[in-house]
Amino acid sequence: MVSKADILERISEFERIGEKAFLKKYAAGRGSVTTWIVHGGAEYPIKAIWASAHQPPIRPRSFKTNDCEPQIRSMGFTLRKLEKTIEPSSTSFSGFCSSIGFPLKNMRWSWSALGNDGRSTLFTIWDNEIRFDGQTYEFWDDTEVVPSSDHGRREILRLLDATIEHNLIAYGVKCTPIYPLTVPRKRRSFDRQTLLALRVRREGKKILGTIVGTITTEALQTGFTSVGSAIDDLEVPVIGNEQPGRAKYAAIYYLRDEKVRQEVLARANGKCEHCGAVGFRKPDGRFYVEAHHIISLAKQGPDTLENVIALCANHHREAHFGEGWEQLEAEFKAKLAKLRGK
734 MVSKADILER ISEFERIGEK AFLKKYAAGR GSVTTWIVHG GAEYPIKAIW ASAHQPPIRP
794 RSFKTNDCEP QIRSMGFTLR KLEKTIEPSS TSFSGFCSSI GFPLKNMRWS WSALGNDGRS
854 TLFTIWDNEI RFDGQTYEFW DDTEVVPSSD HGRREILRLL DATIEHNLIA YGVKCTPIYP
914 LTVPRKRRSF DRQTLLALRV RREGKKILGT IVGTITTEAL QTGFTSVGSA IDDLEVPVIG
974 NEQPGRAKYA AIYYLRDEKV RQEVLARANG KCEHCGAVGF RKPDGRFYVE AHHIISLAKQ
1034 GPDTLENVIA LCANHHREAH FGEGWEQLEA EFKAKLAKLR GK
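The sequence shown begins at 734 in this note's numbering and counts up by one.
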């Protein structure tokens, strides 16, 4: 027979060892989906607490939440229940993904998708798992054992590998889980207005994503193209639109390290690092050149000194719009390697 003291003892253990360790010890790592015990201003997963309060502990799968609710309430505990609601198809996660050009392969277990254009990918980003720097997200760890039945996780790995191998443009949908450690997770909400622009890379046994910018979903739906993202380095804005209400333009706003840009410009000292031409003189007395990412941020290029070269305005635009851009890219890499003594 479980007593109130037993429940309180397990709650104390939960607080002592932490949520993740507690759920791993008593509930195979699974938290609550719909119901929590409220105590001392905090919430605790009802099935894990109830199962662990038995002597010996029982398995959470051996009973239903409704079986223990009356007894827990009779002990004076308050329960919080999440009412199940079904979102209209137009506002469901799968409907949302389809509306922006990323139809899910399976509405039940898909968490990621390949874009209709074949050149972009979309991933779920759980907001509670973004690292403290506000930019880094861990997608994958090779040391984790993923069951063959976990189709969603395996699909994510395939799309992550494809994104890295083919330099696909990667986006993320920021989602808030109902309960952080519940497996599988359910969304409490997600951002329908803004997507995260991601740079995906492999570091050792992990696959990480860096949040490098944002794009509005409206912009994505109304004509975003890879050409638009190709001019992400240019500082000169496009000006002129006699009928702004009739035209919409889309762009990803990428986050850059200003220190990298300034160091590149200082290294060039006013000269194009490709042709050697001196830029025009600016009011501050310095000569004008532009910082260019050899592999663009949109194509997973790093924002580092090894990938940024200073160019005259002519070669910068040729790199983005000229028919010989691939040859130029190879030449830029060679020039930069020589400049850096490599």
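Just so it is clear, CB atoms sit at the ideal spot from N, CA and C, and this is done for glycine as well.
With respect to the 9 Å criterion, K938 and D1017 are not classified as neighbours on the basis of their beta carbons.
For R934, DSSP records a beta bridge to L941. Beta-bridge pairing by DSSP links S922 to T909.
Apart from the 5 residues on each side of it in sequence, S832 has no Cβ closer than 6 Å to any other Cβ in its chain.
Taking every protein chain shown into account, the CB of A846 has 16 or more other CB atoms within 10 angstroms, so this residue is buried.
Around K814, the same chain offers T767, T768 as residues with beta carbons nearer than 7 Å, after the five sequence neighbours per side are excluded. Annotated three-state conformation of P790 is coil, per DSSP. Residue burial annotation: Y777 is buried, with at least 16 other C-beta atoms found within 10 angstroms of its C-beta. Taken in chain order, the complete beta strand (DSSP E) segments of 3 or more residues contained in the stretch 1001-1052 are 1023-1026, 1041-1044.
Cβ-Cβ distances below 8 Å link E1039 to L1069, R1073 in the same chain, with the five nearest sequence neighbours on each side left out; the list follows chain order. In the three-state scheme derived from DSSP, where H, G and I count as helix and E and B as strand, D739 is classed as helix. Contact between V993 and G1003 does not hold, since their C-beta atoms are separated by about 18 Å, which reaches or exceeds 8 Å. Looking at the DSSP output, I770 bridges to Y777, L812.
Take D860, set aside five residues on each side of it, and the residues of its chain with a beta-carbon closer than 7 Å to its own are K907, C908, T909, in chain order. For a cut-off of 8 Å, the C-beta gap from F755 to E746 is around 7 Å, short enough to register as a contact.
Taking 9 Å as the cut-off, the beta carbon of F835 is found no closer than this to the beta carbon of I889. Buried is the label assigned to S765, since at least 16 other Cβ atoms lie within 10 Å of its Cβ.
Boundaries around I858 are those of the beta strand (DSSP E), 853-859, since no alpha helix (DSSP H) includes it.
9 Å or more divides the Cβ of I770 from the Cβ of F796. Looking only at I897, E802, K780, the smallest Cα-Cα distance to R792 is reached by K780.
Under the DSSP definition of a beta bridge, W873 partners with I940. Closest in alpha carbon position to K737, among S785, E752, I750, is S785.
For the pair I858 and G828, the CB atoms are not nearer than the 9 Å cut-off. DSSP places I833 in the coil class of the three-state scheme, outside both helix and strand.
With respect to the C-alpha of C1005, the residue from R891, C1045, S853 having the closest C-alpha is C1045. In the structure shown, G946 falls within a strand segment according to DSSP collapsed to helix, strand and coil. Around the C-beta of Y1021, fewer than 16 other C-beta atoms lie within 10 Å, and the residue is accordingly described as exposed. Counted as a single uninterrupted DSSP element, the beta strand (DSSP E) harbouring L847 occupies residues 845-847. For M808, the CB contacts under 6 Å within the same chain, skipping 5 residues up- and downstream, are K737 in chain order.
Rounded to whole angstroms, E871 and V997 show a C-alpha spacing of 30 Å. If you draw a 10 Å sphere on the C-beta of G848, you find 16 or more other C-beta atoms in it, and that means buried.
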